[in-house]
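**Student:**
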Amino acid sequence: MPNKACKFRLYPTPAQKILLAKTFGCVRLVYNHWLDRKISQYKEDQTTLGYTSCAKELTEMKKTEEYAFLKEVDSISLQQSLRHLDEAFQNFFKRPGTGFPRFKSKRKRKNSYSTVCVNQNILLSDGCLKLPKIGQVKVKQHREIPESYVLKSVTVSQSPSGKYHASISFEYENQVPERKLHTFLGLDFSMNGLYKDSEGNEAEYPKYHRQAEKKLEREQRKLSHMQKGSRNWEKQRIKVAKLYEKVANQRKDFLHKCRASSCYPRLFIKTSRINSSSIISR
4 MPNKACKFRL YPTPAQKILL AKTFGCVRLV YNHWLDRKIS QYKEDQTTLG
54 YTSCAKELTE MKKTEEYAFL KEVDSISLQQ SLRHLDEAFQ NFFKRPGTGF
104 PRFKSKRKRK NSYSTVCVNQ NILLSDGCLK LPKIGQVKVK QHREIPESYV
154 LKSVTVSQSP SGKYHASISF EYENQVPERK LHTFLGLDFS MNGLYKDSEG
204 NEAEYPKYHR QAEKKLEREQ RKLSHMQKGS RNWEKQRIKV AKLYEKVANQ
254 RKDFLHKCRA SSCYPRLFIK TSRINSSSII SR
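According to this note's numbering, the residues represented by the sequence shown are 4 to 285, in order.
(1) Using the three-state DSSP reduction, which class does Thr158 fall into: helix, strand or coil?
(2) What does the alpha-carbon distance come out to for the pair Gln123 and Val157?
(3) Pull the bridge partners of Asp191 from the DSSP assignment, please.
(4) Can you tell me which of the three DSSP states Gly138 falls into?
(5) Just to check my reading of the structure: Lys25 and Phe173 have Cβ atoms closer than 8 Å, yes? What is that Cβ distance to the nearest angstrom?
(6) Considering only C-alpha positions, which residue in the set His36, Lys225, Cys120 and Tyr198 is nearest to Leu61?
(7) Sort Val250, Lys242, Lys249 and Lys231 by Cα distance to Arg110 and report the nearest one.
(8) Rounded to the nearest angstrom, what separates Leu13 and Thr67 at their Cα positions?
(9) If I measure Cβ to Cβ from Lys198 and keep anything under 7 Å in the same chain, skipping five residues before and after, which residues do I get?
(10) Could you spell out the range, first to last residue, of the beta strand (DSSP E) harbouring Arg12?
(11) By the 10 Å Cβ neighbour count, where 16 or more other Cβ atoms means buried, how is Ile21 classified, buried or exposed?
(12) Report, in whole angstroms, the separation of the C-beta atoms of Tyr54 and Arg86, which I expect to be a contact under 8 Å.
(13) By DSSP, does His145 sit in helix, in strand, or in coil?
(14) According to DSSP, simplified to helix, strand and coil, what is Ile125?
(15) Look at the alpha carbon of Pro209 and the alpha carbon of Val140, and state the distance between them as a whole number of angstroms.
(16) Take the Cβ of Val33 as the centre, count every other Cβ of all protein chains shown within 10 Å, and call the residue buried at 16 or more, exposed below.
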């Protein structure tokens, strides 16, 4: 059965924000702790610790006084952190080009954790999302979820601007209706206007980053003159992050509108497949 994910904005209370910050920190701690263990183990005898052995050690670790605070957060989120680390290690050995797993930095302002739905511990209803250990969190649900969809997992994230989002994964039965293709449209990549279609129309992509470039330079210059870690520095950092977020949202909105305007009257669209890196290197 295929999966589909929907991303919704979260509005946690001050108390819930503290719990979310604790969860982000504990997930990062578990990931970095066992990444260090795996590296040491591999250097010692060329073997790696598997997920099962790491999960058993995590259970014993939470019983100690030093790491008792790990009990305060969702236990499944800690297990998922170990699973992600194990997958990263396996991917590295299968495909070295993916890169070696790196330690997660506390200074990075983008935080996230994943949890799995078990015995209805996660529910989306009445404008709220129920999360383990966090409770009912207000959510801005901008689209309806069919009753046939089964909630499988949730990834809670915090953007550099301080906003919270939940990416909810659903499982559903894929029933594709039969369609007869009547109209076709071809899209070709364009360096200046994003793309040009087979009917001669161009996307006329507005260069949002260019438009905001002067403002970004001004605000980043202000940030560089402030003392790092101060209240004013944090306020200015959020201001800069919001500017970058606005540019990213403008790009996404433009692409969604282009897709809607191109796809609505047609049933089949063909795009060209090119290697953009080879064009840049010329």
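C-beta atoms are modelled at their ideal positions from N, C-alpha and C, and glycine is treated no differently.
**Tutor:** The short version:
(1) As a working mapping, residue 158 is identified with position 155 in the sequence shown. Strand.
(2) To locate residue 123, count along the sequence shown from 1; it is residue 120. To locate residue 157, count along the sequence shown from 1; it is residue 154. For Gln123 and Val157, the gap between their C-alpha atoms comes out near 12 Å.
(3) The residue given as residue 191 occupies position 188 in the sequence shown. Looking at the DSSP output, Asp191 bridges to Lys199.
(4) Mapped onto the sequence shown, residue 138 falls at position 135. Residue state, collapsed to three classes: strand.
(5) Within the sequence shown, residue 25 is the residue found at index 22, counting from 1. Within the sequence shown, residue 173 is the residue found at index 170, counting from 1. No, Lys25 and Phe173 are not in contact; Cβ-Cβ is about 27 Å, not under 8 Å.
(6) Translated into positions along the sequence shown, residue 61 becomes position 58. Per the Cα distances, His36.
(7) What you label residue 110 is simply residue 107 of the sequence shown in a count that begins at 1. Residue Lys231 is the option with its Cα nearest to Arg110.
(8) By 1-based counting over the sequence shown, the position of residue 13 is 10. By 1-based counting over the sequence shown, the position of residue 67 is 64. Near 34 Å, if we compare the C-alpha coordinates of Thr67 and Leu13.
(9) Residue numbering aside, residue 198 sits at position 195 when the sequence shown is read from its first letter. For the sequence presented, residue 198 should be read as Tyr rather than Lys. If the five residues before and after Tyr198 are omitted, its C-beta is found closer than 7 Å to the C-beta atoms of Leu190, Asp191, Phe192 and Ala206, all from its own chain and listed in chain order.
(10) Here residue 12 refers to the residue found at position 9 of the sequence shown. Secondary structure note for Arg12: its beta strand (DSSP E) is the uninterrupted segment Asn6 to Tyr14.
(11) The count along the sequence shown starts at 1 and reaches residue 21 at position 18. Residue burial annotation: Ile21 is exposed, with fewer than 16 other C-beta atoms found within 10 angstroms of its C-beta.
(12) The count along the sequence shown starts at 1 and reaches residue 54 at position 51. The count along the sequence shown starts at 1 and reaches residue 86 at position 83. About 6 Å; that satisfies the 8 Å criterion.
(13) Mapped onto the sequence shown, residue 145 falls at position 142. His145 falls in the coil class under three-state DSSP.
(14) Start at 1 with the first residue of the sequence shown, and residue 125 comes out as number 122. Note: Ile125 maps to coil in three-state DSSP.
(15) Indexing the sequence shown from 1 puts residue 209 at position 206. Indexing the sequence shown from 1 puts residue 140 at position 137. Looking at the two C-alpha atoms, the distance is approximately 36 Å.
(16) Numbered from 1 along the sequence shown, position 30 holds the residue referred to as residue 33. With 16 or more other Cβ atoms from the protein chains shown falling within 10 Å of its own Cβ, Val33 counts as buried.
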